[in-house]
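Here the structure is laid out as structure tokens; the discussion comes afterwards.
Residue numbers (our numbering): 3 to 416.
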């Protein structure tokens, strides 16, 4: 299908989740056209745009968006450092306050920009204009004794135009980094973004490694949900639906980077992966250990590429969740694109960890810590820190000893 074919059916505008009013999703129009319609629906007249630096400098997408909005853009900020520093968000909040009356925020770019948009409107609703103010907003009371009693939900509409598969536009939670301590803070505004605009053609500008690795992060959400011994019917159903879109979609994107339909298949799969995450199923060791790799320079998606097959292998060796793993394996092997990847192997000999390994290698994604210069000297610290993560104990084999984590890390040291 040509690129224009995707846009020949008009706009689909619907809820992302059947049981939640927000976010809405829009696809079938080019991003700037969908944005104009959304701004008109909201009757917004003073729009502020946050755009990723790479999109703004390597393409004309920001200019195209501003031209389409025809004078309604009153301010813009280009660039957001990875992990969304609170200090940068505070600068933008200052700029927005000076503009007085901004009635819509639009983010154009990947996960860091999306997180910034979510945090900025939360801060504005709560008049949080300094680092000290921000310190009263993150977490829940149990994690943050300084959290204020009265927290106001955000009211400024937020339109997200994502260019990766990280999926932050489908949940309210925003992650950001503290200015001094560099600690990662989680903010919980309890209101989802207003609208996510899916334009797979715009995503052709995304570096392939980022597209594919963020997609494997979404695969990790689905697999760890389906392999959890504390799963529920809703989580399982959404994870299955997401997985059968994501894995074939990613393989097709690798085969043909210009396959618009495959890109959109991945975007739809992320909605279901995030729905699975929001179903309350606790995840496992791939996520728990992965959280500790961020500070060592490994991206979210890349942690999943390295760890997910190893965690599946570890759990299978302990006979912890073999039936659930087999069900996921069977689901994946129903797809011809996946079968093609493992065609030279004897299928009776393969387990879920093997198939995920083959898929991730086919995508050209990293499979070891060595590829990020994370050496043996870091393993002890990684194992110790992993034991503090809430999801380490909800792994199919609950991990309470450093030696258990070390066993997984040994598999991925490279």
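Just so you know, even glycine gets a beta-carbon here, dropped at the ideal spot from N, CA and C.
Since the structure is predicted, the reported quantities are computational estimates derived from the model, not experimental observations.
Nearest-angstrom Cα separation, counted from residue j out to residue i
i           : j           : result
residue 472 : residue 104 : With the chain covering only 3 through 416, there is no way to say anything about residue 472.
residue 35  : residue 185 : 39 Å
residue 112 : residue 177 : 13 Å
residue 181 : residue 346 : 51 Å
residue 334 : residue 402 : 31 Å
residue 369 : residue 238 : 27 Å
residue 216 : residue 244 : 14 Å
residue 413 : residue 151 : 46 Å
residue 276 : residue 214 : 17 Å
residue 3   : residue 358 : The predicted model places residue 3 with a pLDDT of 39, which falls under 50 and marks its position as unreliable; any figure quoted below should be read in that light. Straight-line Cα distance between these residues: approximately 29 Å.
residue 163 : residue 188 : 22 Å
residue 116 : residue 156 : 15 Å
residue 66  : residue 146 : 42 Å
residue 55  : residue 114 : 11 Å
residue 10  : residue 30  : 7 Å
residue 87  : residue 348 : 48 Å
residue 382 : residue 391 : 15 Å
residue 132 : residue 158 : 19 Å
residue 367 : residue 318 : 23 Å
residue 242 : residue 71  : 38 Å
residue 62  : residue 236 : 41 Å
residue 220 : residue 255 : 15 Å
residue 350 : residue 404 : 33 Å
residue 293 : residue 257 : 30 Å
residue 107 : residue 94  : 11 Å
residue 183 : residue 89  : 12 Å
Beta-carbon proximity list for residue i, same chain, < 7 Å, skipping 5 on both sides
i           : result
residue 25  : 18, 171, 172, 194, 195, 196, 197 and 198
residue 326 : 228 and 229
residue 360 : 343 and 344
residue 378 : 415
residue 202 : 8, 262, 265, 266 and 269
residue 394 : 287, 290, 388 and 401
residue 341 : 335
residue 352 : 344
residue 494 : The question about residue 494 has no answer here: the residues shown for the chain are numbered 3 through 416.
N- and C-terminal bounds of the beta strand (DSSP E) containing residue i
i           : result
residue 16  : 14-17
residue 187 : 186-189
residue 107 : 106-111
residue 78  : 75-80
residue 178 : 176-179
residue 410 : Residue 410 -> not in any beta strand (DSSP E); alpha helix (DSSP H) instead, spanning 404-414.
residue 163 : 160-164
residue 29  : 26-29
residue 50  : 49-53
residue 199 : 197-200
Short Cβ contact (7 Å threshold) for residue i with residue j
i           : j           : result
residue 365 : residue 272 : no
residue 410 : residue 316 : yes
residue 314 : residue 218 : no
residue 52  : residue 76  : no
residue 398 : residue 231 : yes
residue 240 : residue 274 : yes
residue 339 : residue 250 : yes
residue 121 : residue 91  : yes
residue 290 : residue 388 : yes
residue 130 : residue 82  : no
residue 396 : residue 297 : no
Which listed residue (the options) has its alpha carbon closest to that of residue i
i           : options               : result
residue 301 : 146, 374 and 261      : 374
residue 233 : 270, 344, 395 and 278 : 278
residue 263 : 158, 247, 64 and 304  : 247
residue 22  : 192, 224, 377 and 392 : 192
residue 295 : 256, 380, 367 and 260 : 380
residue 372 : 122, 350, 309 and 126 : 309
residue 225 : 287, 146 and 147      : 287
residue 222 : 33, 169 and 124       : 169
residue 260 : 320, 386, 107 and 209 : 209
Beta-carbon contacts of residue i that lie in its chain and below 8 Å, excluding the five residues immediately before and after
i           : result
residue 28  : 13, 14, 15, 36, 39, 40, 197, 198, 199 and 200
residue 47  : 74 and 105
residue 68  : 51, 75 and 78
residue 149 : 138, 139, 140, 141, 142 and 143
residue 64  : 51, 53, 57, 58, 78, 80 and 110
residue 60  : 207
Cβ shell of residue i (< 6 Å), same chain only, five flanking positions each side left out
i           : result
residue 190 : 175
residue 354 : 314, 327, 330 and 331
residue 311 : 355, 358 and 359
residue 20  : none
residue 205 : 165 and 265
Terminal residues of the alpha helix (DSSP H) in which residue i lies
i           : result
residue 294 : 287-295
residue 276 : 262-279
residue 41  : 33-44
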